[in-house]
Amino acid sequence: MSISYYSYVTPNLERLADTCRENNCINQEDYVRFEVKRGLRDVNGEGVRAGLTEISEICSYRDVNGEKVPIDGELCYRGYDINDIVHGFMDKGDFGFEETAFLLMFGKLPTQAELSEFKEQLSFRRSLPTNFVRDVILKAPSSDMMNTLSRSILTMASYDEKPDDISLPNVVRQCINMIAIFPLLAVYGYQGYTYKSGNSLLIHAPRKDLSTAENILHLLRADSQYTPLEARILDLCLVLHAEHGGGNNSTFTTHVVTSSGTDTYSCMAAALASLKGPRHGGANHKVVQMFDDMEQKLSDWTDEDEIKDYLKLLLHKERFDKSGLIYGMGHAVYSVSDPRAVILKQFVELLCAEKGLEKEYRLYSTVERLAPQVIADERKIYKGVSANVDFYSGFVYRMLGLPMELYTPMFAIARVAGWSAHRMEEIVNMGKIIRPAYACVQSRREYTPKDIR
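Written out as structure tokens, the structure reads:
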């Protein structure tokens, strides 16, 4: 059977899809009648409390006399403010992702000796089994790097002598392995795809003396050259994307799947499947594409009235992908500001100066300022709107020369630290399998024999 046949939607399948649609439409009023919190969120977007965690905290409001008052967003990793964490390594010119991963996974800031040992563990484990690239990654390359990453992770279970052992020491080993090899699997997967597309294949081995961020740039670039600022800002992106609470879709997936008692490889593949979704991890490349369209359509990048008109057309589904969205604006939790976006913006300006892209930076900054006002004028909103971390991260990746196919895998390379922390927390506090209730609204029917249907 040819590959194209697998991809062909026949008229019969179209009819079956119509039947499926016809018999799966739930009355929207029933969600209200049964008091269902769709998306596990209330009308104001606040998530239903489904668990407890010590790993991170997100705060977007203060309780003042019984009323929720919006505030500038706050994010804490293990009780430490993200701003303090970032300044702790950026001010000294250090790389922070490895220290952040240790903090998230083990609940404490590492001593110099502990951090050195952890980095050595990552360096030691930053390699793939013999011929893995040839036998797995290059055999069936795909244009979808998240699918490639998931397949590679599941295949890695075959090389583990204890893949199903969920004792904590073994899971710690597996999670450190994941943090170490995710960059290799993502970059090599992309290089396999470009090779299939007719380009030369160039595979660099990782270097033990480099940080995670430095190794990514080393692996990806043909000449392995990068500036210190490039490496430090990529490292910052990894830190800011490493963790964001237990309720985001992929991390909650990690908790759900871990609660079933499954193995680490299956757990991470499930988290990757969640992150791949455009509603979760696929927004940053949309921001870049939206700005590409904007830059082409605008006659004057400094004309704020023209920019406002373009943003209104976006909301009216008349520009870019006609989705009605201004990508990079708004967040499920934050309203006044996303602390990750605030931090990243400061360093984006530095990178733009190094790259000679000050004009582009000013356009991004103007849109960030004008978009909330335009959205408030055009839409009914229940809380404030501000730029989220995706607003600037895609711009950073483009300036670093990362291909768009790797934007979401970059998210995964960072977030595997948070997924690992939450998997370990779920195992330590292992209780019941997560199993929420669904109310059935289908009326009872008499079975009809097939000869009289």
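Just so you know, the sequence shown maps onto residues 1017 to 1469 in the numbering used here.
Where a beta carbon is used, it is the ideal one built from N, C-alpha and C, also for glycine.
For residue i, name the three-state secondary structure that DSSP assigns.
i, result
"lysine 1448", "coil"
"arginine 1057", "strand"
"cysteine 1253", "helix"
"proline 1199", "helix"
"lysine 1084", "strand"
"arginine 1078", "strand"
"lysine 1224", "coil"
"glycine 1298", "coil"
"leucine 1218", "coil"
"alanine 1258", "coil"
"glycine 1104", "helix"
"leucine 1366", "helix"
"glutamate 1246", "helix"
"threonine 1035", "helix"
"alanine 1289", "helix"
"leucine 1233", "helix"
"asparagine 1040", "coil"
"glutamine 1128", "helix"
"cysteine 1456", "coil"
I'd like to know whether the C-beta atoms of residue i and residue j end up nearer to each other than 9 Å.
i, j, result
"serine 1072", "tyrosine 1047", "no"
"alanine 1286", "threonine 1267", "no"
"valine 1364", "methionine 1310", "no"
"glycine 1063", "isoleucine 1153", "no"
"isoleucine 1429", "valine 1255", "no"
"asparagine 1011", "glycine 1340", "Residue 1011 lies beyond the residue range present for the chain, which begins at 1017 and ends at 1469; the question has no answer from this structure."
"leucine 1120", "alanine 1229", "no"
"asparagine 1231", "arginine 1223", "yes"
"alanine 1437", "valine 1405", "no"
"tyrosine 1211", "proline 1145", "no"
"glutamate 1113", "alanine 1433", "Going by the sequence as given, residue 1113 is phenylalanine instead of glutamate. Against a cut-off of 9 Å, the Cβ pair of alanine 1433 and phenylalanine 1113 comes out as a contact."
"leucine 1367", "valine 1412", "yes"
"serine 1275", "methionine 1446", "yes"
"leucine 1170", "serine 1290", "no"
"proline 1355", "aspartate 1279", "no"
"aspartate 1181", "valine 1187", "yes"
When you compare only the Cα positions, how much space is there between residue i and residue j?
i, j, result
"isoleucine 1042", "serine 1139", "52 Å"
"isoleucine 1342", "lysine 1324", "12 Å"
"alanine 1196", "valine 1444", "23 Å"
"glutamine 1241", "glycine 1372", "19 Å"
"lysine 1292", "threonine 1424", "7 Å"
"methionine 1426", "proline 1199", "8 Å"
"lysine 1135", "proline 1126", "11 Å"
"aspartate 1319", "glutamate 1334", "20 Å"
"leucine 1379", "leucine 1329", "17 Å"
"methionine 1194", "serine 1174", "14 Å"
"alanine 1403", "serine 1351", "9 Å"
"isoleucine 1397", "glutamate 1045", "21 Å"
"glycine 1055", "proline 1086", "22 Å"
"tyrosine 1326", "aspartate 1160", "31 Å"
"methionine 1458", "asparagine 1040", "Correcting the residue identity first, residue 1458 is glutamine in this sequence and not methionine. Cα to Cα, the separation comes out at about 10 Å."
"cysteine 1456", "arginine 1049", "13 Å"
"threonine 1026", "arginine 1439", "41 Å"
What are the partner residues of residue i, as DSSP defines its beta bridges?
i, result
"glycine 1063", "Arg1057"
"glutamate 1073", "Cys1092"
"aspartate 1097", "Cys1092"
Spell out whether any CB of chain B is found under 9 Å from the CB atom of residue i.
i, result
"tyrosine 1175", "Of the protein chains in the structure, only one exists, and it is not chain B."
Which parts of the region 1382 to 1448 are runs of the alpha helix (DSSP H), unbroken and 4 residues or longer, counting only runs that do not cross its ends?
-> 1406 to 1415, 1423 to 1444
Taking only runs of the alpha helix (DSSP H) that begin and end inside the region 1311 to 1360, which ones reach a length of at least 4 residues, in chain order?
-> 1320 to 1331
Sequence ranges, alpha helix (DSSP H) only - wholly within the region 1141 to 1219, length at least 4 | 1161 to 1172, 1184 to 1212
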